[in-house]
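Accompanying notes for the structure given below.
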Amino acid sequence: MSIKLGDTAPNFKAESSLGDIHFYDYLGDSWGILFSHPADYTPVCTTELGYTSKLQSEFAQRGTKVIALSVDGVEDHQNWVKDINETQNTDVQFPIIADKDRKISELYDFIHPNASATATVRSLLIIDPAKKVRLIITYPASTGRNFNEILRVLDSLQLVDAHQVATPVNWENGDDVIIPPAISTEDARKKFPKGVTEIKPYLRYTPQPNI
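In structure tokens, the structure reads:
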């Protein structure tokens, strides 16, 4: 199965480091981030989960729940979390799914045979409250993800949903945003009271509305 943007994220039940997980129940009405790891007790993964843990307050501010996955078992996850907490100076509180039979990894297309026949690659999905997949990013096992970029995209998606705008290249929270071509300039001036700057009829900016 290949999951694409706009697809409904498949539901599942699984064991995790924090007990049994029913994915949809875990997410509730929140946004969600599901991300896979090649294996427990690996150096890059240890840094990733540690940094994600340090961002818990940032995700909470955005109404977003985080859940990790690897193909190791619950006991390994629980013991590895102790290492993560120790080496990364944090306290991991989000669950890590135990996917020893690789059913969830296969359901979400996290195993890429030409990269590894057994381990998951570094895939990450952002899932909105309607359970739709809004972002898919896949890294090789050797490269740690940039979670500041994940926060940036999450901010963009939530802003786009709330205000019918788009975000330009290298946009950061607080920067001007783009008015989509489907909105006329006349309507845009009514919709965006902070002002409209027209560069071209199809390229118009407005100060960022509040998320």
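The opening residue of the sequence shown carries number 3 in this note's numbering; numbering runs sequentially from there.
By construction, the Cβ of each residue, glycine as well, lies at the ideal position given by its N, Cα and C atoms.
CB contact flag (residue i, residue j, <8 Å)
i    : j    : result
L71  : D101 : yes
R191 : T199 : no
I86  : L127 : no
V155 : L137 : yes
T49  : G146 : yes
P170 : I180 : yes
Y43  : W82  : yes
P12  : L159 : no
Boundaries (first-last residue) of the alpha helix (DSSP H) holding residue i
i    : result
W173 : Run containing W173: none; DSSP gives neither H nor E here.
L205 : No alpha helix (DSSP H) holds L205; the beta strand (DSSP E) holding it covers 205-208.
I86  : 76-90
Inter-residue CB distance, residue i and residue j (contact presumed, cutoff 8 Å)
i   : j    : result
S32 : K56  : In fact, because the Cβ distance is near 19 Å, the residues do not count as touching under 8 Å.
S4  : I98  : Incorrect: roughly 24 Å between the Cβ atoms, too far for contact.
G8  : K133 : Actually they are not in contact, since the Cβ atoms of G8 and K133 sit about 11 Å apart, beyond 8 Å.
Q95 : Q58  : 6 Å
Of the listed residues the options, nearest to residue i (C-alpha basis)
i    : options                : result
P209 : I113, I139, H165, A184 : H165
F14  : G8, L7, D22            : D22
P142 : V46, G30, Y28          : V46
S38  : R124, Q63, E77, L109   : R124
G75  : A41, G30, V167         : A41
Where residue i sits in the DSSP three-state scheme
i    : result
R104 : coil
F61  : helix
V155 : helix
F14  : coil
A119 : Confidence at A119 is low in this model, with a pLDDT of 47, below 50, so its placement is unreliable and no value can be given for it.
K196 : coil
L29  : helix
A132 : coil
D22  : coil
D177 : coil
A168 : strand
Limits of the beta strand (DSSP E) - the one that residue i falls within
i    : result
V46  : Per DSSP, V46 belongs to no beta strand (DSSP E); it is in the alpha helix (DSSP H), 45-56.
L137 : 135-141
R124 : 124-129
I69  : 66-72
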